[in-house]
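Start counting at 1 in the sequence shown, then tack on 25, and there's your number in the numbering used here. For each residue, glycine too, the CB sits at the ideal point set by N, CA and C. What follows is one structure encoded as structure tokens, with my remarks underneath.
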Amino acid sequence: MTDVLKPRDAKEVEDALRWALDGAKALEVAGAGSKRAIGRPSQTDLTLDLSGLSGVTLYEPEELVLTAKAGTPLAEIEALVASKNQQLAFEPLDYGPVFGAPAGQGTIGGALAANLSGPRRIKAGAARDHFLGFTAVSGRGETFKSGGRVVKNVTGYDLCKLMAGSWGTLAVLTDVTIKVMPRPETEQTLLMLGLTDAEAIAAMSVAMGSSCDVSGAAHLPWTVALRTPGHAHRTSLTALRLEGVAPSVTHREVALEDLMRRFGELDLLGETESRAFWQCIRDAYPFASTGTVERPLWRLSTAPGNGARVAAAIAEKAGAQVFYDWAGGLVWIELLPSPDAGAGVVHRVVADAGGHATLIRAPTAVRAAVDVFPPQQGGLAALTKRVKESFDPKGMLNPGRMWAGI
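As structure tokens, this is what we get:
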């Protein structure tokens with residue numbers, strides 16, 4: 026069993042990294058460990074457990090800004106901002122259901138390191154777009170800061186964008202500052218029933234191009250829709266979410282109905298049902314772990330207009346179940362078990378269409394043998410290696426988690 030270092034504050038994080046550096050030890054960087062099974066298997070000597078760095082250190086609702094230690098549970102932060110009628114607008118997904126783990130275990134540092142986002146990505150952006158500043162310790166054992174407490178901070182390099190999505194391979198976040206936003210007063214979801222994947226993509230494109238200010242657009246083929254709690258229709262579902270103050274939502278819902286009626290039968294979800302539905306979409310609940318032999322699960326990102334074509338091309342070569350978020354730009358795809366989890370097919374099809382794919386769930390042996398993250402070549406691979414060496418010259422932080430040898 027891997028030994029664990031559990032620092033209690035930022036100074037102890039720095040001390041731990043310097044000790045590991047002196048001893049040539051490789052570290053697995055983890056918060057609550059809710060995303061430990063994503064990426065290549067850990068090849069480390071020790072685990073740096075950041076769950077002891079917990080607590081909100083600054084929250085100014087009137088300034089829409091919050092600072093917290095990196096190990097602070099997301100659930101704690103979301104409850105705090107909700108008490109002030111605010112929210113994390115990037116709607117960070119919870120990977121718990123996908124791995125058969127309890128919900129609500131993720132941390133704010135993990136959400137930013139993985140650059141998480143949910144259905145509202147098409148309107149509000151991803152975690153990196155709400156990441157204002159941080160304090161971290163590099164693989165050199167040096168503490169450094171970037172950003173600040175305001176959106177228009179133009180001092181120095183925008184390292185927040187670099188850290189978001191780096192999966193703990195560049196530095197260890199100790200404190201983070203994020204932007205929060207007002208929580209919508211209410212929401213409704215317009216459903217279109219019985220559309221094919223291609224028809225749904227076309228309908229969602231029309232909705233997103235309208236003045237209705239849609240904040241969520243997803244499509245579930247009927248076989249996947251049946252796996253969604255509360256599903257009352259034995260048909261495919263194409264969902265469009267409207268959020269805001271009640272009069273505005275009502276007005277826009279009427280306009281959206283008029284616009285979408287030509288695509289087929291319509292239905293409407295009220296506020297409670299709508300919130301539950303979009304939480305399921307956010308957390309990929311239709312592909313939640315069943316506790317049996319797990320099927321590989323991929324998260325594909327491409328241009329919305331290419332979503333149905335990409336899914337069809339993969340399904341033609343490997344049995345697949347899919348659903349679409351981000352108006353077709355995000356495709357969740359579950360494949361039948363295979364020695365390579367379909368990596369050869371998935372990466373090739375997605376690259377040809379202009380996009381990228383990440384293997385979210387697969388057995389450890391498979392994740393060790395295939396490209397979990399989009400493969401890099403040429404200049405991009407060289408740049409990634411130089412950035413890694415700049416922050417972590419000895420390769421001690423999550424080595425090999427994203428790409429072999431990096």
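Leaving out five residues on either side along the sequence, give the residues of the same chain with a beta carbon under 6 Å from the beta carbon of His155. Answer for His155: Phe115, Ile203, Lys204, listed in chain order.
Local Cβ density within 10 Å of Asn331, reported as buried at 16 or more and exposed below that: Buried, since its Cβ has 16 or more Cβ neighbours within 10 Å.
Among Leu187, Val54, Glu88, which one has its Cα closest to the Cα of Thr132? Ranked by Cα distance from Thr132, the first of Leu187, Val54, Glu88 is Val54.
Please report the straight-line C-alpha distance between Leu337 and Leu30, rounded to a whole angstrom. According to the sequence displayed, residue 337 carries Ala and not Leu. In a straight line, the C-alpha of Ala337 is about 46 Å away from that of Leu30.
Looking at C-alpha atoms only, which residue of Asp40, Asp200, Leu71, Ala35 is the closest neighbour of Thr82? The option with the nearest alpha carbon to Thr82 is Asp200.
Can the beta-carbon of Leu118 be found closer than 7 Å to that of Leu141? Yes.
Roughly how many angstroms lie between the CA atoms of Val397 and Gly369, to the nearest whole one? One alpha carbon belongs to Val397, the other to Gly369, and they sit about 11 Å apart.
Taking only the alpha-carbon atoms, compute the straight-line gap between Arg392 and Asp365 and give it to the nearest angstrom. Roughly 8 Å between the two C-alpha positions.
Among Arg286, Pro362, Thr253, Glu290, which residue has its Cα nearest to the Cα of Trp323? For the options Arg286, Pro362, Thr253, Glu290, the alpha carbon positioned closest to that of Trp323 is the one of Pro362.
Kindly indicate which residue of Gly121, Val249, Ile358, Ser76 has the alpha-carbon position closest to the one of Ser59. Of Gly121, Val249, Ile358, Ser76, the residue nearest in Cα terms is Gly121.
Tell me where the beta strand (DSSP E) around Ser171 begins and ends. First-last of the beta strand (DSSP E) with Ser171: 168-172.
Check for me: the alpha helix (DSSP H) holding Val412 runs from which residue to which? According to the DSSP assignment, Val412 belongs to the alpha helix (DSSP H) that extends over 403-416.
Which residue marks the beginning of the beta strand (DSSP E) containing Thr217, and which one marks its end? It is worth fixing the name first, because residue 217 is Met in this sequence and not Thr. Run containing Met217: 211-218, per the beta strand (DSSP E) assignment.
Rounded distance between the beta-carbons of Arg145 and Ser235, thought under 8 Å: Between Arg145 and Ser235 the Cβ distance is about 17 Å, and since that is not below 8 Å, they are no contact.
Buried or exposed: where does Val395 fall if 16 or more other Cβ atoms within 10 Å of its Cβ makes it buried? That one is buried.
Which residue's Cα is closest to the Cα of Thr72: Asn423, Met427, Ile431? For the set Asn423, Met427, Ile431, the Cα lying nearest the Cα of Thr72 is the one of Asn423.
Is it true that the CB of Ser230 sits closer than 7 Å to the CB of Pro246? Between Pro246 and Ser230, the gap from beta carbon to beta carbon reaches 7 Å or more.
Give, in chain order, every unbroken run of the beta strand (DSSP E) that is at least 3 residues long and sits entirely within the segment 121-146. Within the segment 121-146, no complete beta strand (DSSP E) run reaches 3 residues.
Own chain residues within Cβ distance below 7 Å of Gly344, not counting five before or after: Spatial neighbours of Gly344 in its own chain (CB-CB distance under 7 Å, excluding positions within 5 residues in sequence) are listed in chain order as Leu360, Leu361.
Among the residues of its own chain, which have a CB less than 7 Å from the CB of Ser326, if the five just before and after it don't count? Result list for Ser326: Gly354, Leu355, Gly380, His381, in chain order.
Determine, using beta carbons only, whether Gly56 and Gly134 come nearer to each other than 7 Å. Between Gly56 and Gly134, the gap from beta carbon to beta carbon is short of 7 Å.
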